Every structure is written in C-alpha cells, then in structure tokens.
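J.: According to our numbering, the sequence shown is numbered sequentially starting from 40.
No residue lacks a Cβ here, since even glycine has one placed at the ideal position from N, Cα and C.
Note that this is a predicted model, so its numbers are computed, not measured.
The structure that follows is given in the form of structure tokens.
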Amino acid sequence: MKNLFLQRELHQVEVSKQRYHIAQRRTDHTFGRAKMNARLLAASPAALLTFFGIGAYKGATTDNPPSRRRQAVVTFLRTIVLNAI
C-alpha cells in the first residue's frame with residue numbers, strides 16, 4: 040500500500056516539473072517576442088523622428104537651448120545605438 044501512494048506522489052512531482060518547464064519555455068518565448076516588438080517599434084523611422092522632435096522642441100523652448108540641443112542629439116544617438124544592439 041505504501042508503495043502505491045508513493046508512486047502517485049512521485050508521478051505528481053514529475054508532472055509538476057514538466058508543467059513548470061513548459062511554462063518556463065513559453066515565458067522565455069513570449070518575453071523574447073515582446074523585446075523584439077519593442078525594438079521594432081522604437082527603431083521605426085516615425086518613432087526616431089518623434090523622439091528627436093520632442094527633444095528638439097524641448098531644446099528650443101528652454102532658457103538654455105544649447106545644452107538642451109546637445110541633450111536631444113545625445114538622446115537620439117543613444118536610441119539609435121541601443122536599437123542597433
């Protein structure tokens with residue numbers, strides 16, 4: 040009798056391990072897909088021009104435009120470099 044209960048519990052442990060590994064694989068796949076979609080969205084020309092335009096607008100409307108322009112250009116370049124990675 041003892042062996043029968045032990046076999047059931049061991050089987051449940053194996054089933055739980057398999058389900059956990061399946062969930063891990065699905066999570067990794069979904070996470071990778073979400074990262075790729077975010078990269079594709081941020082790397083689109085419309086998004087890059089929007090980021091640059093917002094930075095340029097901020098730079099033009101502040102008291103210290105040269106530093107804001109530099110910041111906008113650095114942000115634009117950083118976006119391009121990070122999307123290339």
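Considering only the beta carbon of each residue, do Q110 and G94 sit closer than 8 Å?
T.: As a position in the sequence shown, residue 110 is number 71, starting the count at 1. As a position in the sequence shown, residue 94 is number 55, starting the count at 1. Going by C-beta atoms, Q110 is nearer than 8 Å to G94.
J.: Which of helix, strand or coil does DSSP assign to N42?
T.: Within the sequence shown, the letter at position 3 stands for residue 42. Three-state DSSP puts N42 in a helix.
J.: Does DSSP put S83 in a helix, in a strand, or in coil?
T.: Here residue 83 is taken as the residue at index 44 of the sequence shown, counted from 1. Note: S83 maps to coil in three-state DSSP.
J.: For the segment 77-91 against the segment 111-118, are there 3 or more C-beta pairs whose distance is under 8 Å?
T.: As far as the Cβ criterion goes, the segment 77-91 touches the segment 111-118, which means the pair count is three or higher.
J.: Assuming A86 and L80 are in contact, meaning their beta carbons sit under 8 Å apart, how far apart are those beta carbons, in whole angstroms?
T.: Sequence index remark: in the sequence shown, residue 86 carries index 47 (1-based). Sequence index remark: in the sequence shown, residue 80 carries index 41 (1-based). Contact holds; Cβ gap of about 6 Å.
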